[in-house]
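Going from the sequence shown to this note's numbering is simple: count from 1 and add 42. Beta carbons: idealized from backbone N, C-alpha and C, even for Gly.
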Amino acid sequence: MSSKILVLAGDGIGPEIMAEATKVLSFVDNKFGLDLHVDEALVGGAAIDAEGSALPERTFELAKAADAILLGAVGGPKWDNLPPAERPEKGGLLKIRAELDLFGNLRPAILYPQLADASSLKPEVVSGLDILIVRELTGGIYFGGPRGIRTLDSGEREGFNTYVYSESEIVRIGRQAFEAARKRGGRLCSVDKANVLEVTMLWREVMEELSKDYPDVELSHMYVDNAAMQLVRAPKQFDVIVTGNMFGDILSDAAAMLTGSIGMLPSASLDINGRGMYEPCHGSAPDIAGQGKANPLATILSVAMMLRYSLAQIEAADFIERAVEKVLDKGYRTGDIFSEGCKLVSTSE
Ligand code: ATP
Ligand code: MG
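Structure (C-alpha cells):
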C-alpha cells in the first residue's frame, strides 16, 4: 500500500539536513519496497519569501492529505520583525500542529554509548539511555479557561489559569502512550500530581482503566516531583513516560539535556489515527546555516520514527537506527558531537 509523505525542509539548516534525510528515506524505500510517494512544499520563512505566507494553501492541502510529514526547521532572524501570527513558527509550524490536531508529542531521549561523555551526568548513569516521553500537546493548563490577570476589590492583582483535562483527552493520549510502550520495552510510567490536583486524579484513574486493554504493558504511576528527581538520579529505570502538557514540557527538556546533544534528538507529533509530523528537536540554527556543519542525525532519526509510528515499517526503522549507531561506532562526528580522537565530518559526509 502506497504512503504519502510530505517533506517540508523549511529554513536555516532545514534544507541541508533534509537533503540528507531524504537520501536515507529513498534508500529504505527501495531496500524495503515501501512504495512511498514523496511531495515537497514550502513552509516557514521560505514560504513567506516565495508566496507571502508561512503556510501557503498548497502546503496546507498536501499536509492534510499526507500520511506523514517530515519537517526540517523553520524561522530565523530575517522574519523576526513580522507580527507573531505571521512568523514562520506561529504562522507555519504551530498552525499545522493545531489544524491537524497533533495532540500527542513523542520525544525520545537516547544517549548512544559512543556519546556518553556529552552528557552532564556520569557515563554509568546515562550510557545507553533510551526513554520516550509522551506529552499531551493541545490541552491542559496551557489551554484551559478561565485564565487571565485580574484586579481584586482590594486593589491587589491576581493571576489565574485552569488546569483541565476531559476524559476523552486523557483516553486519546493514554492510548498513544500504551501503543508506543507496546512497540518498545512494554513499560509505561504515568506522571501526575494526583496527591494534590483533582484533574490528575482523573488522569490516573483513566490510565488505570485503559491498562485493562493493554495487558502486555506494565503501568506504573509517579508524582511529577519524584519523576523529575528520578530522571536525574537514575533515568534508565524508565521506558515510556506519559504526562500532561506542562509536566511534559518540563520533563522532556530535562530528559533532552541528559543526552547533551541537540543534534541527535528526533520528535513526533501524532493525531488520533497515528498520522503525524516528524522533526528534529532543534531549531533552524541560523548561526551555522549554509556551512555544512549541521548534524543531520536528528532528522534522519525522525525518518526512523516516522516509519515506526505512522507507517508501521518497524524493520526499516530499526535499520536506520542501527545505521546511525554504526556511523557513531566508526567515529564520524559533526562538530556538535565531536570529541578528541573522532573524525570531523560535514553534514553531507
Ligand atoms: P528555535 O527557537 O528554533 O528552537 P534556537 O536558537 O532556540 O532555535 P537552535 O536553532 O536549535 O535553537 O540552535 C541552538 C544551538 O544549537 C545553536 O548554536 C545551533 O547552531 C546549534 N544546533 C542546533 N541544531 C544543530 C544541528 N543539527 N547540528 C549542529 N548544531 C546544531
Ligand atoms: Mg529553541
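A check of alpha carbon separations from Ser-381 across Arg-199, Pro-119, Thr-101 and Ala-158 identifies Ala-158 as the nearest. DSSP places Ile-55 in the coil class of the three-state scheme, outside both helix and strand. Judged by their CB atoms, Asp-109 and Lys-65 are not nearer to each other than the 7 Å cut-off.
With at least 16 other beta carbons inside 10 angstroms of its own, Asp-281 counts as buried.
Per DSSP, Arg-350 is one residue of the alpha helix (DSSP H) stretching across 339-351.
Taking Arg-189 as reference, the option from Thr-180, Leu-179 and Glu-200 with the minimal CA-CA separation is Glu-200.
In the same chain as Thr-180, and ignoring 5 residues on each side of it, the C-beta atoms closer than 6 Å to its own belong to Phe-145, in chain order. Within the stretch 93-178, the runs of beta strand (DSSP E) at least 3 residues long that lie entirely inside it are, in chain order, 110-115, 146-152 and 172-178. Nearest in C-alpha terms to Leu-112, of all of Met-264, Gly-377 and Met-319, is Met-319. Rounded to the nearest angstrom, the gap between the Cα atoms of Glu-209 and Leu-370 is 44 Å.
Nearest to Ala-105 by alpha-carbon distance, out of Ala-92, Tyr-205, Leu-142 and Gly-86, is Leu-142. Less than 7 Å divides the Cβ of Ala-298 from the Cβ of Ala-151.
Per DSSP, the unbroken alpha helix (DSSP H) holding Met-243 starts and ends at 240-253. At least one heavy atom of ligand 1 lies closer than 6 Å to the C-beta of Ser-326. Distances between the C-beta of Asp-378 and the heavy atoms of ligand 1 include at least one below 6 Å. Between Lys-235 and Val-266, the C-beta gap is smaller than 7 Å, which places the two residues in contact. Leu-171 has its alpha-carbon roughly 16 Å from the corresponding atom of Met-271. Around the C-beta of Glu-58, 16 or more other C-beta atoms lie within 10 Å, and the residue is accordingly described as buried. In this structure Asp-53 does not touch Gly-94 by the C-beta definition: roughly 15 Å separates them, more than the 8 Å allowed. Apart from the 5 residues on each side of it in sequence, Glu-211 sits with its Cβ closer than 6 Å to the Cβ of Gly-181 in its chain, given in chain order. Taking the CA atoms as reference points, Leu-273 sits about 17 Å from Ala-160. One thing to note: Ser-388 has its Cβ within 7 Å of the Cβ of Gly-334. Counted as a single uninterrupted DSSP element, the beta strand (DSSP E) harbouring Val-80 occupies residues 78-83. With contacts defined as CB atoms closer than 7 Å, Leu-78 and Ile-175 fail to qualify as a contacting pair. Relative to ligand 1, Gly-117 has its C-beta within less than 6 Å of a heavy atom. Glu-62 sits buried, since 16 or more C-beta atoms from the chains shown fall within 10 Å of its C-beta. Listed in chain order, the non-local C-beta contacts of Ala-115 below 6 Å within the same chain comprise Gly-52, Gly-54, Gly-56, Gly-325 and Ser-326, local neighbours out to five positions each way being set aside. Asn-123 has its Cβ no nearer than 6 Å to any heavy atom of ligand 1.
Annotation for Asp-313: Leu-142, Asp-143, Leu-144, Phe-145 and Gly-146 place their beta carbon closer than 8 Å to its own, counting only its chain and skipping 5 residues before and after.
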